[in-house]
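Trainee:
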Amino acid sequence: LIGFEYARWHGRDAANHFVGELDAIRSRAPAGATPLVSVILDGENAWEHYPYNGYYFFEDLYSSLEAHAFIRSTTFGRYLADTPNLASLPAVVAGSWVYGTLSTWIGSPDKNRAWDLLCAAKQSYDLVIDSGRLDEQEKAAAEAQLMVCEGSDWFWWCGDYNPRAVVRSFDQLYRGNLAGLYARLKLPPPVELASPLSQGNAESESVGTMRRAG
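Counted from 1, the sequence shown has number 24 at position 28 by the working numbering; the numbering is strictly sequential.
And the structure:
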């Protein structure tokens, strides 16, 4: 709702609807239970589609939550501290809210190629670090550059469900960061980094890492 639907609504209507959804969850809970509702989004992505970046939605939502007789906002840490004897999950399934799989980041030819380039760069990084040829300052700079290259969103942008112009920009940034890592390692970059990895789709619906799950 927040990620895909409410941007089309009047802020107050959206806020009232969301609070109504929370009320419905409470009404369905077993007697004596205190339901916890997690509201988790890719924080930078939904608001660009809202009027005024979601300002009026936030104003009405937070006001409604603060005035509500039963709903209380909290954090995971506070809830855990205030709720003893919670059961533990035996396992956590690997995947994503997008299709329940890891296909957002790996599996297609262009995503796999991006991973191959990163793996090759990491192997070069390990060899250079183990060789001792870099001083401490140079090692720190190389490590920082490696962490930039390991950001998960680089792989999300490889795909025909994203706008072509945006994919082109992120593709170039990713390859440039890998080339920057090789420079930090005092190695020439592979020739593969000169060629684009993904093309994107000129007719893609919208921009941002919020991808519809259905």
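Ideal placement from N, C-alpha and C gives every residue a C-beta, glycine not left out.
Since we're looking at a predicted model, the values are computed, not measured.
In whole angstroms, what is the alpha-carbon distance linking residue 80 and residue 28?
Mentor: Taking the first residue of the sequence shown as 1, we reach residue 80 at position 84. Taking the first residue of the sequence shown as 1, we reach residue 28 at position 32. Computed Cα separation, rounded: 15 Å.
Trainee: Starting from the Cα of residue 148, find the closest Cα among 164, 12, 98 and 119 and give me that residue.
Mentor: The residue you call residue 148 lines up with position 152 of the sequence shown. For the residues 164, 12, 98 and 119, the minimum Cα distance to residue 148 belongs to 98.
Trainee: Here's a check: name, in chain order, each residue in its chain whose Cβ is nearer than 8 Å to the Cβ of residue 183, leaving out the five neighbours to either side.
Mentor: Position 187 of the sequence shown, counted from the first residue, corresponds to residue 183. Answer for residue 183: 120 and 124, listed in chain order.
Trainee: CA-CA distance, residue 6 and residue 53?
Mentor: Along the sequence shown, one-based indexing puts residue 6 at 10. Along the sequence shown, one-based indexing puts residue 53 at 57. If I take the Cα positions, the gap works out to 8 Å.
Trainee: So what does DSSP say about residue 158, is it helix, strand or coil?
Mentor: One-based indexing of the sequence shown puts residue 158 at position 162. Three-state result, residue 158: coil.
Trainee: Could you check whether the region 152 to 165 touches the region 126 to 133, counting it as contact only if at least three pairs of C-beta atoms, one from each stretch, sit closer than 8 Å?
Mentor: With a cut-off of 8 Å, the region 126 to 133 and the region 152 to 165 do not count as touching, because too few Cβ pairs lie within range.
Trainee: Keeping to the same chain, check which residues put their C-beta closer than 6 Å to that of residue 56; ignore five residues upstream and five downstream.
Mentor: By one-based count along the sequence shown, residue 56 stands at place 60. For residue 56, where only same-chain residues beyond five positions count, the Cβ hits under 6 Å are 7, 8 and 11.
Trainee: Alpha carbon to alpha carbon, what distance is there between residue 178 and residue 155?
Mentor: Here residue 155 refers to the residue found at position 159 of the sequence shown. Here residue 178 refers to the residue found at position 182 of the sequence shown. Computed Cα separation, rounded: 25 Å.
Trainee: Would you kindly work out how many angstroms separate the C-alpha atoms of residue 109 and residue -2, rounded to a whole number?
Mentor: Reading the sequence shown from its first residue, position 113 is the one you call residue 109. Reading the sequence shown from its first residue, position 2 is the one you call residue -2. Between residue 109 and residue -2, the C-alpha separation is close to 33 Å.
Trainee: Where does residue 197 sit, in a helix, a strand or coil, going by DSSP?
Mentor: Walking along the sequence shown from the start, residue 197 turns up at place 201. If DSSP states are grouped into helix, strand and coil, residue 197 belongs with the strands.
Trainee: Identify which residue in 141, 134, 76 and 152 has its Cα closest to the Cα of residue 105.
Mentor: If you number the sequence shown from 1, residue 105 lands on position 109. The option with the nearest alpha carbon to residue 105 is 152.
Trainee: Between residue 211 and residue 64, what straight-line distance do the alpha-carbon atoms span, to the nearest angstrom?
Mentor: Not covered by the structure: residue 211. The range shown for the chain is -3 to 210.
Trainee: Report the CB separation of residue 180 from residue 137 in whole angstroms; it is logged as a contact under 8 Å.
Mentor: For this step, residue 180 is matched to residue 184 along the sequence shown. For this step, residue 137 is matched to residue 141 along the sequence shown. Between residue 137 and residue 180 the Cβ distance is about 5 Å, and since that is below 8 Å, they are a contact.
Trainee: Distance, Cα to Cα, residue 114 vs residue 59?
Mentor: The residue given as residue 114 occupies position 118 in the sequence shown. The residue given as residue 59 occupies position 63 in the sequence shown. The straight-line gap from Cα to Cα measures roughly 46 Å.
Trainee: Tell me, to the nearest whole angstrom, how far the beta carbon of residue 3 is from that of residue 46; I am working on the premise that it is less than 8 Å.
Mentor: Taking the sequence shown and counting its residues from 1, the one referred to as residue 3 is at position 7. Taking the sequence shown and counting its residues from 1, the one referred to as residue 46 is at position 50. The pair is a contact, with the Cβ atoms about 5 Å apart (cut-off 8 Å).
Trainee: Assuming residue 285 is part of the alpha helix (DSSP H), what are its boundary residues?
Mentor: Only positions -3 to 210 of the chain appear in this structure, which leaves residue 285 out of reach.
Trainee: Please report how far the alpha carbon of residue 75 lies from the alpha carbon of residue 33, in whole angstroms.
Mentor: To locate residue 75, count along the sequence shown from 1; it is residue 79. To locate residue 33, count along the sequence shown from 1; it is residue 37. Those two C-alpha atoms are separated by around 11 Å.
Trainee: Which complete alpha helix (DSSP H) runs does the region 70 to 131 hold, if anything under 4 residues is left out?
Mentor: Segments of the alpha helix (DSSP H) lying fully in the region 70 to 131: 72 to 78 and 105 to 127.
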